[in-house]
Structure formats: C-alpha cells, structure tokens
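The structure appears below as structure tokens.
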Amino acid sequence: MDFKGGKDKIKKIEKVDDGFIVDIGSRRLHLKKVGIKESEILFINEVIEHSVKNGFNNIVVFESLSDGKPYIKYENELYILTNIYSFVDLKKDINAYCLASLLADFHKTTGGFTARDEIKPSVTWGKRTGKYRNLYTMLDKFIDEISEKSRRNEFEEKVVSILGELKTRCKGAMKAFRSIEYFNLLELSMKKKEIVLYDIGKQTLAELNGKYYIYDVFDLSYGLIEEDLAMLIKKTNRENKDKIIDIYSKNSPRQINLNILEAYLNFPENTLKVICEYMRQKDANLVAKLQRASIKDDVR
Numbered sequence: 089m090d091f092k093g094g095k096d097k098i099k100k101i102e103k104v105d106d107g108f109i110v111d112i113g114s115r116r117l118h119l120k121k122v123g124i125k126e127s128e129i130l131f132i133n134e135v136i137e138h139s140v141k142n143g144f145n146n147i148v149v150f151e152s153l154s155d156g157k158p159y160i161k162y163e164n165e166l167y168i169l170t171n172i173y174s175f176v177d178l179k180k181d182i183n184a185y186c187l188a189s190l191l192a193d194f195h196k197t198t199g200g201f202t203a204r205d206e207i208k209p210s211v212t213w214g215k216r217t218g219k220y221r222n223l224y225t226m227l228d229k230f231i232d233e234i235s236e237k238s239r240r241n242e243f244e245e246k247v248v249s250i251l252g253e254l255k256t257r258c259k260g261a262m263k264a265f266r267s268i269e270y271f272n273l274l275e276l277s278m279k280k281k282e283i284v285l286y287d288i289g290k291q292t293l294a295e296l297n298g299k300y301y302i303y304d305v306f307d308l309s310y311g312l313i314e315e316d317l318a319m320l321i322k323k324t325n326r327e328n329k330d331k332i333i334d335i336y337s338k339n340s341p342r343q344i345n346l347n348i349l350e351a352y353l354n355f356p357e358n359t360l361k362v363i364c365e366y367m368r369q370k371d372a373n374l375v376a377k378l379q380r381a382s383i384k385d386d387v388r
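FYI, this note's numbering numbers position 40 of the sequence shown as 128, with every residue one higher than the one before it.
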C-alpha cells in the first residue's frame with residue numbers, strides 16, 4: 089500500500105473487515121474502505137469541514153493525507169482515515185434522544201451550504217419517494233398474482249392477513265407524496281439547500297472519549313430533513329416518536345411538516361421489500377423475515 093502518514097512514521101498496519109487499523113506515531117487510526125465515488129467523498133468532506141468551521145464538531149472528520157486529499161485509493165477501492173469510534177445502540181431511548189439533538193444541530197449548521205463549483209454534490213430530493221412508488225407497484229403485482237391462485241403457500245397467506253393495512257398505509261402515504269403540500273415542502277427544502285444523512289442505521293451514532301458523534305456520513309446529500317427524522321424514528325422505539333420530535337424541534341432549522349413526516353413513518357417499506365424479494369425468488373421460507381419486517385414497520 090502506497091500510504092504515507094505525513095511526518096509521523098507508520099508503525100503498524102492491521103487488516104480488519106472494513107479496511108485497516110493503522111498505528112501512526114502515537115495515534116491508532118482507522119483506514120476505512122468506503123463504497124462511494126471520489127466525487128462523493130469530496131462533497132461529504134466539504135460538508136464536514138463547513139460543519140466543523142461553523143461550530144458543529146460532533147461529526148466524524150476525515151484526516152488529510154499526504155497528498156492533501158481526504159481519501160486514498162488502494163486496489164481500486166477508496167479509503168478514508170479517521171479516529172476509531174465505538175458505535176452506539178439507537179434502540180436505547182437515551183441514545184435516540186442524543187441523536188435527535190445532534191441531528192437538529194447538524195441540519196441547522198449545514199443548511200445553506202454550497203459546494204465549490206468543481207465538486208459535484210449528491211442530491212436525494214424525491215429519491216426515496218420514487219423507491220416507495222416502485223415498492224407500491226410491486227405490491228399491486230403481488231396482489232394480481234395471488235388472486236389467480238387456488239392455493240396459497242404460507243408466505244402468501246401471511247401477506248394476505250396484513251394486506252388491508254398495507255394497502256391503506258401505502259395509499260395514504262402516496263397521496264401525501266403527490267400533494268401540493270409535499271411539492272411545496274420540496275421547493276422550500278431546495279431553496280434552503282438542506283443537507284441530510286439520508287440513511288440512519290447501526291453506525292450513525294458513535295462515541296469517542298465520552299463524546300458522541302455522527303459517524304455514518306457516507307450517504308450524505310442535499311435532501312429533505314423530514315426524511316432524516318423519519319428514518320431515526322423508524323430505527324428506534326416508535327413509542328418515543330413524540331419525544332424525539334420534541335427534542336429535535338427545540339433546535340431545528342425550521343418547523344417540521346408533521347403531515348409529510350407521518351407519511352414517511354406510515355409507509356411499510358421493510359415489509360414491501362420482503363414481498364419484492366419473494367416476487368423475485370418465489371421462496372416461501374421468507375416468512376420469518378416478513379414477520380421481522382412487519383414488526384419494524386409496526387404492521388399488525
């Protein structure tokens with residue numbers, strides 16, 4: 089690996105699942121493999137630098153490498169160099185509340201950011217709702233397919249038992265996403281140049297030396313802040329929805345549109361993804377996976 093640690097000597101490189109652990113001078117760092125493009129890394133790094141410069145430093149920072157770039161290429165893969173963090177479980181209420189607060193600060197600090205002309209920004213306005221439309225279309229195809237069957241397998245019977253709720257929730261959400269209210273919100277978000285994490289998961293919140301950080305920034309883009317808040321609520325205990333919204337709203341960059349937020353929360357994304365998987369594979373053994381997905385979506 090053609091890698092220089094600046095003026096400090098590299099003492100040790102250890103291979104791990106997602107890259108390497110590197111001992112440089114007195115520091116132990118993570119050389120992490122990231123499955124994104126160079127242009128995306130440059131955009132993300134600019135947002136991070138803007139965030140830190142404007143007072144929000146609860147976010148992962150990419151170390152500048154010897155050539156001044158925030159990444160290194162090795163065997164056709166891209167790597168970034170960061171501190172080593174411990175990931176925090178969002179299923180614990182206190183951690184979800186922590187991320188809600190950090191998310192509001194992040195949105196407030198990064199809103200209005202404009203990348204340099206030579207940097208191509210990532211944009212996700214309307215991307216998720218497009219995926220939802222495709223999932224809803226697949227549900228209709230599934231319904232058409234099983235309606236012609238005289239006998240159904242266990243998976244199909246399980247879907248039929250929750251079909252009424254799936255259709256009701258999908259129709260309600262898609263109606264909201266076709267509304268003038270939604271398109272006005274998109275226009276507002278675009279004018280404000282809102283920055284979002286886009287995806288929230290097991291590596292979004294991390295801890296280092298008693299301080300909490302937003303770590304998973306690798307889907308960072310321009311987008312609708314309601315989506316980030318909805319994804320946070322979906323990944324945590326939904327019973328804490330009102331408290332998470334309240335914590336976020338105390339320092340949010342603008343008033344959250346609760347109708348659109350509710351549409352994101354109501355759309356049974358996980359369940360429909362399993363149904364789509366079944367449509368491709370015709371594997372009746374997906375029943376347990378369907379059950380887990382329906383629990384995540386709060387489908388009864």
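The beta carbon of each residue, even a glycine, is placed where N, CA and C say it ideally should be. In this text the structure is predicted, and so the values were computed from the model without any measurement.
Query	Result
To which residues of the same chain is residue 316 closer than 8 Å at the C-beta, ignoring the five residues directly before and after it?	191, 195, 284, 285, 286, 288
Measuring alpha carbon to alpha carbon, tell me which residue in 309, 259, 268, 225 is nearest residue 200.	309
Relative to the C-alpha of residue 188, which residue among 340, 368, 135 is closest?	340
Rank 266, 345, 254 by C-alpha distance to the C-alpha of residue 381 and give the top, closest one.	254
Please name the residue, chosen from 105, 111, 127, 132, that lies closest to residue 121 on a Cα-to-Cα basis.	105
Report yes or no: do the region 159-173 and the region 121-136 share at least 3 C-beta pairs separated by less than 8 Å?	yes
Does DSSP put residue 285 in a helix, in a strand, or in coil?	coil
Hey, quick one: how far does the alpha helix (DSSP H) through residue 203 stretch, first residue to last?	Here residue 203 belongs to no alpha helix (DSSP H), and DSSP marks it neither H nor E.
Measure the beta-carbon distance from residue 343 to residue 175 and round it to whole angstroms, keeping in mind my assumption that it falls under 8 Å.	Wrong, their Cβ atoms sit about 31 Å apart, outside the cutoff.
For the beta strand (DSSP E) containing residue 294, name the first residue and the last one.	293-296
So, for residue 143: in the same chain, excluding its five sequence neighbours on each side, which residues have a beta-carbon less than 8 Å away from its beta-carbon?	197
By Cβ distance, which residues of its chain are closer than 7 Å to residue 243, with the 5 residues on each side in sequence left out?	366, 372, 374, 375, 378
From what residue to what residue does the beta strand (DSSP E) around residue 170 run?	165-171
In or out: residue 115 buried (at least 16 other Cβ within 10 Å) or exposed?	exposed
Using DSSP with H/G/I as helix, E/B as strand and the rest coil, what is residue 270?	helix
Quick one: what does DSSP say residue 150 is sitting in, helix, strand or coil?	coil
Note down, in chain order, each residue of its chain lying with its Cβ closer than 8 Å to the Cβ of residue 429, except the 5 sequence neighbours on either side.	Any answer about residue 429 is impossible in this case: the structure gives the chain only from 89 up to 388.
In the DSSP assignment, find the unbroken alpha helix (DSSP H) run with residue 365 in it and report its ends.	357-369
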